[in-house]
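A.B. asks:
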Amino acid sequence: MSNELQDINTNSAFTPFRGTGGIVDNAVHVFAPATVANVVCGFDVLGFAVNEPGDEVIMRVTDKPGITISKITGDDGRLPLDPAKNTVSVSVQHYLNSIGRADIGLDIELHKKMPIGSGLGSSSASTVAGLYAIKTLMGDDRDPINLLPFAMKGEEMACGHGHADNVAPALLGGFVLIRSYEPLDVVRLPHPKDLWCAVVFPDVDVPTREARQIIRNKIAMKDAVTQWGNIAGLVSGLFMQDIDLIGRSMQDVLVEPVRSMLIPDFYKMREIAMSNGAVSFGISGSGPSVFAFTRDEQTARDITQKLQQHLTALKIGSNTYVSTINDAGPRVIG
Ligand code: HSE
Numbered sequence: 002m003s004n005e006l007q008d009i010n011t012n013s014a015f016t017p018f019r020g021t022g023g024i025v026d027n028a029v030h031v032f033a034p035a036t037v038a039n040v041v042c043g044f045d046v047l048g049f050a051v052n053e054p055g056d057e058v059i060m061r062v063t064d065k066p067g068i069t070i071s072k073i074t075g076d077d078g079r080l081p082l083d084p085a086k087n088t089v090s091v092s093v094q095h096y097l098n099s100i101g102r103a104d105i106g107l108d109i110e111l112h113k114k115m116p117i118g119s120g121l122g123s124s125s126a127s128t129v130a131g132l133y134a135i136k137t138l139m140g141d142d143r144d145p146i147n148l149l150p151f152a153m154k155g156e157e158m159a160c161g162h163g164h165a166d167n168v169a170p171a172l173l174g175g176f177v178l179i180r181s182y183e184p185l186d187v188v189r190l191p192h193p194k195d196l197w198c199a200v201v202f203p204d205v206d207v208p209t210r211e212a213r214q215i216i217r218n219k220i221a222m223k224d225a226v227t228q229w230g231n232i233a234g235l236v237s238g239l240f241m242q243d244i245d246l247i248g249r250s251m252q253d254v255l256v257e258p259v260r261s262m263l264i265p266d267f268y269k270m271r272e273i274a275m276s277n278g279a280v281s282f283g284i285s286g287s288g289p290s291v292f293a294f295t296r297d298e299q300t301a302r303d304i305t306q307k308l309q310q311h312l313t314a315l316k317i318g319s320n321t322y323v324s325t326i327n328d329a330g331p332r333v334i335g
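Numbered by the numbering used here, the letters in the sequence shown go through residues 2 to 335 in order.
#1: With a threshold of 7 angstroms, establish whether the CB of S319 neighbours any heavy atom of the ligand HSE.
#2: Please tell me whether R260 and S287 are closer than 8 angstroms, where the distance is taken between their beta carbons.
#3: Suppose contacts are defined by Cβ-Cβ distances below 8 angstroms. Is T128 in contact with G155 by that definition?
#4: So what's L315 in DSSP terms, helix, strand or just coil?
#5: Please classify I304 as buried or exposed, where buried requires at least 16 neighbouring CB atoms within 10 angstroms.
#6: Using DSSP with H/G/I as helix, E/B as strand and the rest coil, what is S290?
#7: Mapping DSSP to helix, strand and coil, what is F49?
#8: When you compare only the Cα positions, how much space is there between T209 and E298?
#9: Can you tell me whether M241 is buried or exposed? The criterion is at least 16 other CB atoms within 10 Å of its CB, across all chains shown.
#10: Between Q94, D77, M251, E53, which lies nearest to P66 when the distance is taken from Cα to Cα?
#11: Between R217 and C160, what straight-line distance do the alpha-carbon atoms span, to the nearest angstrom?
#12: Beta-carbon separation of L121 and S290 under 8 angstroms?
#13: Are M158 and T69 closer than 8 angstroms when you measure CB to CB?
#14: On the DSSP bridge assignment, give the partners of A169 in chain order.
#15: Does DSSP put E183 in a helix, a strand or coil?
#16: Would the beta-carbon of K209 be found less than 7 angstroms away from any heavy atom of the ligand HSE?
#17: Leaving aside the five residues before and after G118 along the sequence, list all residues of the same chain whose C-beta is less than 6 angstroms from its C-beta, in chain order.
#18: When DSSP labels each residue in this structure, what does P150 get in the three-state scheme?
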């Protein structure tokens, strides 16, 4: 195995904070990416980050202990400014408590650059941007994976369940497998560099909390066998850089048959994507966004355009995004 693969697959251990607890900077501006969770067959265990869209947090150190949120943009007034109710401040507070610096004063500006409830890990992108901002201000040079438990607290607050398949790729970048939740065991996966992702967000409301409630709790053994064959096939395809194997493994017999009912013309959109060169097509996270993998940028752009035209004919507005897989995760932009 090449050194590169060994690096990717080393399961990052959680490391205790060994910094001084001193603040190394007074302000920072961070971007964190949107993510596609589940990747069709891997409900709650697979996800990857994209280059766009993403959310931004500006964090400033203040004189008064405690966290304030002075501004949120791009949310149409839907997100709480109350720091006890906002996922960004709550997860940052958990982080500060964990390093014994609950006394620090912080002000947060959150700039939403993607629709809320889109199935693109909107709350995760905000939470991860906030956590990466405080990590930077504290000069905490541990692997970002150490922020994952705090990010999961934010996810639990946002939709009632602390799944990691959005927050882990938003934090680490790339393709990520949640091998286990108890104990938390996260594996970075390789992926073909020339895999493109076409995302379409149909402007209908599908809250994750509700999209989780409609899923069946019990499944048939026959369906389980199909599903774990597909998950293993997808992970093998990622390692082997085999885009055909990736494509034929992305079939979901457990969740998609139920959740597709919440998405306008889901099966027609799949037909459009697949007949225009997609490698695979499915629901992004809990929807309503859908995504397709393609082998090149132009095919991804053609598919988003055709899907958008179809939705427009149904009088449904939409946003589209075309991206490769984002290996960088969050980054300081100012
Ligand atoms: N795995 C989660 C779900 C992702 O499908 O509910 C939510 O975006």
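All residues carry an ideal CB built from backbone N, CA and C; glycine is no exception.
Source: prediction; values computed, not measured.
C.D. replies: From the atom records:
#1: no
#2: yes
#3: yes
#4: coil
#5: buried
#6: coil
#7: strand
#8: 29 angstroms
#9: exposed
#10: Q94
#11: 18 angstroms
#12: yes
#13: no
#14: Answer is none; A169 lacks a bridge partner.
#15: coil
#16: According to the sequence as given, residue 209 is Thr; it is not Lys. Yes, the beta carbon of T209 sits closer than 7 angstroms to at least one heavy atom of the ligand HSE.
#17: D206, P208
#18: helix
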